[in-house]
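> Protein sequence lines correspond, in order, to chains D and R. Just so you know, numbering that gives the first Met the number 0 puts 377 at position 378 of the first sequence, and the rest follows in order with no gaps. Just so you know, numbering that gives the first Met the number 0 puts 54 at position 55 of the second sequence, and the rest follows in order with no gaps. All C-beta atoms, glycine included, are put in the ideal place defined by N, C-alpha and C. First, the structure itself, so that you have it in front of you.
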Amino acid sequence: MSGRSVFVHDPGLEAYGFGGEHPFNPLRVRMAIELCEGLGLMEGYSFLAPKPATDDDLMTVHSLSYIRSVQKAGHDEAPLSELLQYCIGTQDNPVFSKMHEACALVVGGTIEACRLVMGGEAEHALCVSGGLHHALRSKASGFCVYNDAGAAIARLKEEHPGIRIAYVDTDAHHGDGVQWMFYDDPDVLTFSMHESGRYLFPGTGGVEEKGRNGGVGYSLNVPLQPFTQDASFIECFEETLPEALRRFGPDLILSQNGCDAHALDPLTHLSTTTRVYEHVPRRIHELAHELCGGRWVAVGGGGYDIWRVVPRAWAALWATVSHQELPETMPGAWLAKWGRQSPVALPDLTRDIAANYPPIGRAAQVEERNRKTIAEFKRKVLPLLA
Amino acid sequence: MLLVRDSMVREVLTVSPETTAAEALTLCREKRIRHLPVLEGGRMVGLISDRDLRASTPALGDANRAAALDKIRVGDEMAREISTADPDDPIEQAAMAMHERKIGCLPVVEGEDLVGILTTSDVMAALVRLVGAHEPGSRLEIAFPDRPGSLADVAGIVRDQGVNIVSVLSAPGEYDGGSGSVAVIRLATINPTGVVRSLEGAGFPVLWPPSTPGGPGQGL
């Protein structure tokens with residue numbers, strides 16, 4: 000387990016953000032990267048800058064009329080009435096300057112990461128700016144304008160006929176955009192573990208959403224109860240993903256590593272800690288070596304406690320991608336720099352202390368409900384995977 | 000629109016009173032349907048369901064089953080008093096009729112002609128469209144007093160937050176012992192926190208989603 004790992008990044012990727020008080024703040028990427036550097040995890044590694052996705056790349060999963068509107072939006076050339084048809088210019092997805100250029104670079108980053116791994120130049124690759132899993136064919140949704148994972152998967156399928164790709168999404172929100180893009184496709188397994196749509200955007204992602212036509216059995220969903228904590232989250236993950244991946248037999252695993260299931264996240268009701276953000280990448284890494292010669296691409300995703308959670312979660316992710324030990328203490332210079340800006344006290348350890356996250360009062364009921372979901376998943380969906 | 004004509008199935012499979020039970024059951028199985036209107040001379044004279052047919056024939060495994068299935072005619076077993084719907088009935092009226100009479104389907108009749116059929120699964124599909132469940136959104140349940148203007152106040156708060164409403168349903172008498180209504184609102188946003196804060200600040204309890212374990216909406 001010691002092949003070459005690549006961190007795909009360019010400062011241009013940090014232009015993807017909606018400004019002001021918007022929760023999707025690109026500062027989180029800056030802090031994560033500086034934390035990787037401060038922890039010494041970039042020694043011997045450099046950042047590989049991607050090229051922007053072309054219109055052709057984007058058109059694998061988006062309509063041309065949508066792309067044209069995004070292009071015009073970022074140069075103030077389209078009326079709001081036109082943009083609102085595509086859900087651009089809303090509170091979630093406001094217009095920002097040169098938004099097409101910024102979004103196309105994110106897509107280019109994930110495509111580049113996938114090509115490096117599939118082409119054998121890297122064993123694993125990470126692009127933390129990627130993971131915009133809600134974007135739909137002709138619609139921005141949930142802070143996502145272009146669907147980078149969707150376009151990268153579509154491109155891989157063109158460049159490697161017959162390839163089988165497993166998309167594994169552990170963001171707290173259902174990975175709906177990617178799921179719908181490949182809902183008919185038996186060569187793309189989409190797996191999403193998320194807070195149940197009864198409680199959280201986008202509302203979809205029930206166990207019964209299992210694919211359509213030839214793709215039946217290739218869309219997998221594990222919806223979790225609100226306030227799910229580490230032990231139950233990890234149990235659900237272990238009871239579903241490894242078996243599904245073994246049955247599917249991927250050639251490459253693309254993981255979306257949103258970290259908004261953390262207890263401190265302001266947008267969701269899940270209650271995990273950094274333990275989950277070490278466990279998930281570690282296991283995906285092992286499964287990639289077991290099943291597909293280590294070919295693993297990781298992208299970021301949601302995560303809205305940008306001070307205390309995102310930098311630590313994604314530094315832990317890079318540590319796993321690059322086969323390095325995660326140091327225990329946060330670097331003093333990093334804490335000094337960001338502590339001045341942060342509205343909340345920053346933790347001085349890279350890992351959460353379990354005692355600070357005691358079991359909630361209803362932990363037993365939450366665990367029980369999640370076990371029912373796993374049982375339903377095993378009964379109704381897993382057997383469909385040959 | 001949400002009329003029966005917008006949700007009904009227009010291509011209706013029918014049988015005649017002379018059709019055998021075996022033929023009718025085969026049709027049900029192959030087309031995966033449960034109800035067949037019965038036509039005679041172009042006019043609807045009855046309705047037969049796969050359940051009626053099964054109830055009237057010997058059980059699976061019974062040696063007499065095959066012979067009985069060939070002998071029994073649809074005309075012998077069909078229901079003759081049938082509830083029907085008009086294509087211009089509101090979908091909720093059709094749903095109420097099906098619910099109250101405990102029936103699974105309504106043939107849709109315009110004048111003398113059978114023009115469609117509405118089953119529980121068509122009503123379910125209409126419900127899905129009605130609540131906007133196929134569109135990405137965050138689901139909130141909000142309690143408000145049952146008096147003029149209060150839903151407008153709720154909508155105004157959502158508007159002031161710049162959020163689009165995907166769908167809204169409101170059920171009277173569901174809150175606080177019947178004195179208040181509950182609205183189920185689907186918002187086109189991943190981040191309803193601003194709306195929730197403003198609603199609660201204005202005195203509209205947000206019942207769903209629960210904000211803490213054992214907090215509002217503790218029923219989860």
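1. Give me the subset of the region 132-163 of chain D whose CB atoms are less than 7 Å from a CB atom of chain R, sorted by chain position.
2. Between the alpha carbons of Met43 of chain R and Pro86 of chain R, how many angstroms are there, rounded?
3. Determine the DSSP secondary structure at Tyr174 of chain R, reduced to helix, strand or coil.
4. For the 8 Å Cβ check, are there 3 or more pairs between the region 137-156 of chain D and the region 55-70 of chain D?
5. Helix or strand or just coil, what does DSSP make of Asn355 of chain D?
6. Going by DSSP, what residue range makes up the alpha helix (DSSP H) through Asp264 of chain D?
7. Spatial neighbours of Asp351 of chain D within its chain, please: C-beta separation below 6 Å, excluding the five flanking residues on both sides.
8. In angstroms, rounded to a whole number, what distance separates the CA positions of Arg307 of chain D and Ala262 of chain D?
9. Cα separation between Ile164 of chain D and Arg31 of chain R?
10. At least one CB of chain R closer than 8 Å to the CB of Gln70 of chain D: is that the case?
11. Give me the chain D residues within the contact set of Val162 of chain R, using Cβ-Cβ distance strictly less than 7 Å, ordered along the chain.
12. Leaving out the 5 sequence neighbours to the left and right, which residues in its chain are closer than 8 Å to Gly213 of chain D when beta-carbon positions are compared?
13. Just mark Asn369 of chain D as buried or exposed, buried being the case when its beta carbon has 16 or more other beta carbons within 10 Å.
14. To the nearest angstrom, how far is it from the Cα of Trp317 of chain D to the Cα of Asn24 of chain D?
15. Name the chain R residues that come within less than 9 Å of Leu82 of chain D, Cβ to Cβ?
16. State the beta-bridge partners of His34 of chain R as determined by DSSP.
17. Distance, Cα to Cα, Asp91 of chain D vs Pro22 of chain D?
18. Measure from the alpha carbon of Ala335 of chain D to the alpha carbon of each residue in D:Glu289, D:Leu12, D:Glu33 and D:Pro225, then state which is nearest.
19. Under 7 Å between beta-carbons, which chain D residues line up against Gly136 of chain R? List them in chain order, please.
20. Which partner residues does Gly115 of chain R have in the DSSP bridge list?
21. Which runs of the alpha helix (DSSP H) at least 4 residues long sit entirely within the region 50-93 of chain R? Give them in chain order.
22. Between Val215 of chain D and Lys379 of chain D, is the Cβ-Cβ spacing less than 8 Å?
23. Is Val60 of chain D helix, strand or coil by DSSP?
24. Can you tell me whether Ala66 of chain R is buried or exposed, with buried defined as 16 or more other CB within 10 angstroms of its CB?
25. Below 8 Å CB to CB, which residues in the same chain sit around Leu57 of chain D once its five sequence neighbours on both sides are set aside?
26. Quick one: give me the first and last residue of the beta strand (DSSP E) that Phe190 of chain D is part of.
27. If we require 4 or more residues per run, which alpha helix (DSSP H) segments fall completely within the region 93-143 of chain D?
28. Among D:Val296, D:Thr189 and D:Glu366, which has the Cα closest to the Cα of Glu111 of chain D?
29. Using a C-beta to C-beta distance shorter than 8 Å, which residues of chain D count as neighbours of Thr192 of chain R?
Reading off the structure:
1. His133, Ser140, Gly141 and Phe142
2. Reading the second sequence from its first residue, position 44 is the one you call residue 43 of chain R. Reading the second sequence from its first residue, position 87 is the one you call residue 86 of chain R. The straight-line gap from Cα to Cα measures roughly 16 Å.
3. Position 175 of the second sequence holds residue 174 of chain R. Note: Tyr174 of chain R maps to strand in three-state DSSP.
4. yes
5. Residue numbering aside, residue 355 of chain D sits at position 356 when the first sequence is read from its first letter. Helix, per DSSP.
6. Here residue 264 of chain D refers to the residue found at position 265 of the first sequence. Run containing Asp264 of chain D: none; DSSP gives neither H nor E here.
7. For this step, residue 351 of chain D is matched to residue 352 along the first sequence. Same-chain partners within the cutoff: Thr272 and Thr273.
8. As a first step, residue 307 of chain D must be located in the first sequence, where it is residue number 308. As a first step, residue 262 of chain D must be located in the first sequence, where it is residue number 263. If I take the Cα positions, the gap works out to 11 Å.
9. Counting from one through the first sequence, the residue named residue 164 of chain D turns up at place 165. Counting from one through the second sequence, the residue named residue 31 of chain R turns up at place 32. Their Cα atoms are separated by approximately 34 Å.
10. Counting from 1 along the first sequence, the entry for residue 70 of chain D is found at position 71. Judged by the 8 Å Cβ criterion, Gln70 of chain D is not in contact with chain R.
11. For the purposes of this step, residue 162 of chain R is identified with residue 163 of the second sequence, where counting begins at 1. Within chain D, the residues near Val162 of chain R are Gln90.
12. Here residue 213 of chain D is taken as the residue at index 214 of the first sequence, counted from 1. If we look at Gly213 of chain D and ignore the five residues flanking it on each side, its Cβ neighbours are Asp183, Asp184 and Pro185.
13. By 1-based counting over the first sequence, the position of residue 369 of chain D is 370. So Asn369 of chain D ends up on the buried side.
14. For the purposes of this step, residue 317 of chain D is taken as the residue at position 318 of the first sequence. For the purposes of this step, residue 24 of chain D is taken as the residue at position 25 of the first sequence. Computed Cα separation, rounded: 20 Å.
15. Position 83 of the first sequence, counted from the start, is the residue given in the question as residue 82 of chain D. Going along chain R, no residue has its Cβ under 9 Å from Leu82 of chain D, so there is no contact; the nearest lies around 13 Å.
16. By 1-based counting over the second sequence, the position of residue 34 of chain R is 35. DSSP, once it has assigned bridges, lists R:Ser48 as partnering His34 of chain R.
17. As a first step, residue 91 of chain D is located in the first sequence; it is residue number 92 there, counting from the start. As a first step, residue 22 of chain D is located in the first sequence; it is residue number 23 there, counting from the start. Roughly 9 Å between the two C-alpha positions.
18. Residue 335 of chain D sits at position 336 when you count from the first residue of the first sequence. Residue D:Glu33 is the option with its Cα nearest to Ala335 of chain D.
19. Sequence index remark: in the second sequence, residue 136 of chain R carries index 137 (1-based). Under the 7 Å cutoff, chain D gives Phe200, Pro201 and Gly202.
20. In the second sequence, counting from the first residue as 1, residue 115 of chain R sits at position 116. Answer is R:Val107, bridged to Gly115 of chain R.
21. 64-70 and 73-76
22. Looking up residue 215 of chain D in the first sequence gives position 216. Looking up residue 379 of chain D in the first sequence gives position 380. Result no, Cβ atoms of Val215 of chain D and Lys379 of chain D do not sit closer than 8 Å.
23. Position 61 of the first sequence, counted from the first residue, corresponds to residue 60 of chain D. DSSP places Val60 of chain D in coil when its eight states are reduced to three.
24. For this step, residue 66 of chain R is matched to residue 67 along the second sequence. Under this definition Ala66 of chain R is an exposed residue.
25. Taking the first residue of the first sequence as position 1, residue 57 of chain D is located at position 58. Result list for Leu57 of chain D: Ile66, Ala103, Val106, Tyr145 and Ala150, in chain order.
26. On the first sequence, residue 190 of chain D is found 191 positions in, with the first residue counted as 1. Counting along the chain, the beta strand (DSSP E) containing Phe190 of chain D begins and ends at Val187 to Glu194.
27. 98-117
28. Counted from its first residue, the first sequence places residue 111 of chain D at position 112. Of the listed residues, the one whose Cα sits closest to Glu111 of chain D is D:Val296.
29. Counted from its first residue, the second sequence places residue 192 of chain R at position 193. Per Cβ cutoff of 8 Å: Pro265 and Leu266.
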